[in-house]
Amino acid sequence: MHATLPLLENGDFPAIRRKAVETLQVNLGYKCNQSCLHCHVNAGPTRTELMSRETIFEVIACIKAMNIRMLDVTGGAPELNPHFRLLVESARGLGVRVIDRCNLTILFEPGHEDLAQFLADQQVEITASLPCYLEDNVDRQRGKGVFETSIRALQKLNSLGYAQPGSPLKLNLVYNPQGPVLPPGQEGLQRDYQQRLLDGYGVVFNELYALANMPIQRFGSTLVSKGQFDPYMKLLKDAYRPENLDTVMCRTLMSVDWQGYVYDCDFNQMLELPLAWKGRARSHLRELLGSDLERNPIVVKDHCYGCTAGQGSSCGGALGNN
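When we follow our numbering, the leftmost residue of the sequence shown carries the number 1, and every step to the right adds one.
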């Protein structure tokens with residue numbers, strides 16, 4: 001795999017600082033039942049990195065100490081971590097809003113037959129990957145048969161109350177472009193998704209998040225291999241909008257890797273760019289308990305243009321209008 005960090009080092013992205021931490025995004029490990037082309041984590045079935053039970057308890061301690069109100073759980077497939085349910089139940093017991101970044105197909109993996117019911121019982125908000133509403137496009141990006149399984153998973157979640165009128169169970173979908181282009185306008189794309197999925201499969205959902213592909217890890221390496229890295233970076237820089245700086249996710253989010261080390265965002269985690277704190281090479285979650293990170297400088301490189309180009313891109317979708 002081609003390393004992309006050296007290509008992002010000597011950039012000119014503006015300096016920004018943190019606001020108060022509101023969201024703790026925790027990567028439970030890189031093991032996944034899929035290997036997607038656009039995956040910035042380089043997750044897959046052969047990865048073995050998984051967060052330990054001890055670190056799970058350190059995450060719970062951090063939630064209490066920093067008064068975190070939102071826990072965003074990711075991976076890999078986070079549900080493959082044997083302590084996933086412990087973390088979810090503990091956070092929900094503290095009244096914390098929990099988001100599970102689910103690839104949908106995990107709901108039908110052996111040993112996870114009751115996972116959908118568990119998520120519904122815990123009132124976990126599901127943010128699910130579905131990079132297109134067309135079967136061929138999804139299978140090309142994520143593997144043969146993934147679209148059909150994903151539709152069955154969405155139908156199962158709908159049957160449990162997700163995205164139904166008046167239900168507290170939220171189900172959001174994530175769109176990623178097929179290649180080195182910016183995503184289309186989120187509002188119009190959401191209407192298209194809602195119509196296609198309802199008419200074709202009887203599926204409903206709450207919101208669609210249109211995310212830009214980041215020029216790192218598996219996707220970045222593919223760009224390098226195809227000679228598309230520099231043109232894609234130019235596209236991101238030309239579409240830069242300074243007004244998106246105020247609402248980028250790293251302002252209020254702290255990312256935690258499977259070992260418990262902290263970063264400004266999930267993308268910095270994948271580039272091994274730790275959160276800057278008291279001159280340390282890197283800091284562990286336990287070292288930040290009770291700390292105030294407001295006004296702390298955010299570590300930036302040129303991949304940050306991926307979050308500020310066009311309508312902007314964050315874990316919660318577009319930052320503004322296209």
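Cβ atoms here follow ideal geometry from the backbone N, Cα and C, with glycine treated the same way.
Taking a contact to mean a Cβ-Cβ separation below 9 Å, would you say residue i touches residue j in this structure?
i: Ile298; j: Arg241; result: no
i: Leu50; j: Asn10; result: no
i: Leu319; j: Asn244; result: yes
i: Val98; j: Val59; result: no
i: Met66; j: Ser283; result: no
i: Val88; j: Phe57; result: no
i: Asp264; j: Arg18; result: yes
i: Ala163; j: Phe108; result: no
i: Val174; j: Ser129; result: yes
i: Arg92; j: Gln122; result: yes
i: Gln217; j: Thr4; result: yes
i: Arg140; j: Gln186; result: no
i: Arg294; j: Ala61; result: Here the sequence assigns Glu to residue 294, which means Arg is not the residue at that position. No. Outside cutoff.
i: Met254; j: Val262; result: yes
i: Leu24; j: Val300; result: no
i: Phe147; j: Leu134; result: yes
i: Gly126; j: Tyr201; result: For the sequence presented, residue 126 should be read as Ile rather than Gly. Their beta carbons are not under 9 Å apart, which means Ile126 does not touch Tyr201 by this criterion.
Taking DSSP as the reference, what is the three-state secondary structure of residue i?
i: Ala120; result: helix
i: Leu182; result: coil
i: Tyr240; result: strand
i: Glu272; result: coil
i: Asn103; result: coil
i: Leu7; result: helix
i: Pro110; result: coil
i: Gly44; result: strand
i: Leu134; result: coil
i: Asn322; result: In this prediction, Asn322 has a pLDDT of 44, which is less than 50 and means its spatial position is unreliable; nothing more can be read from the coordinates.
i: Tyr30; result: coil
i: Arg295; result: coil
i: Thr149; result: helix
i: Gln228; result: coil
i: Ile126; result: strand
i: Thr23; result: strand
i: Thr308; result: helix
i: Met249; result: helix
i: Tyr261; result: strand
i: Asn172; result: strand
i: Arg92; result: helix
i: Ala61; result: helix
i: Arg85; result: helix
i: Met233; result: helix
i: His303; result: helix
By a C-beta neighbour count over all protein chains shown, 10 Å radius and 16 as the cutoff for buried, is residue i buried or exposed?
i: Thr149; result: buried
i: Ala281; result: exposed
i: Val181; result: exposed
i: Pro6; result: exposed
i: Gly306; result: buried
i: Asn172; result: buried
i: Asn33; result: buried
i: Ser90; result: buried
i: Asp238; result: exposed
i: Gly279; result: exposed
i: Leu289; result: exposed
i: Pro231; result: exposed
i: Pro110; result: exposed
i: Leu223; result: buried
i: Pro165; result: exposed
i: Asn103; result: buried
i: Asn176; result: buried
Taking 8 Å as the line, does the beta carbon of residue i fall inside it for any heavy atom of the ligand NAD?
i: Ala309; result: You won't find the ligand NAD in this model; it holds no ligand whatsoever.
I'd like the list of long-range same chain contacts for residue i, defined as Cβ closer than 6 Å, with 5 residues on each side in sequence excluded.
i: Arg53; result: His83
i: Ala276; result: Pro297, Val299
i: Arg196; result: Tyr133
i: Leu273; result: Val299
In chain order, what residues of the same chain have a beta carbon less than 7 Å from the beta carbon of residue i, not counting five sequence neighbours either side?
i: His112; result: Glu79, Ile106
i: Cys304; result: Phe13
i: Asp302; result: Leu8, Gly11, Phe13, Met233
i: Leu236; result: Tyr305, Gly306, Ala309
i: Gly161; result: Ala120, Ser167, Leu169
In its own chain, which residues sit with a C-beta less than 8 Å from the C-beta of residue i, not counting the 5 before and 5 after it?
i: Thr55; result: Trp258, Gln259, Gly260, Leu285
i: Val96; result: Ile63, Ile68, Arg69, Met70, Leu71
i: Thr247; result: Gly312, Ser314, Leu319, Gly320
i: Leu115; result: Glu79, Ile106, Leu107
i: Gly145; result: Asp139
Of all Cβ atoms in chain D, is any one closer than 9 Å to the Cβ of residue i?
i: Ile106; result: Reference to chain D is not applicable here, since this structure consists of a single protein chain.
Can we say the region 208-216 touches the region 307-315, given the rule of at least three CB pairs closer than 8 Å?
yes
For the region 69-87 against the region 21-30, are there 3 or more C-beta pairs whose distance is under 8 Å?
yes
Are at least three pairs of beta-carbons, each pair with one atom in the region 191-200 and one in the region 226-235, less than 8 Å apart?
no
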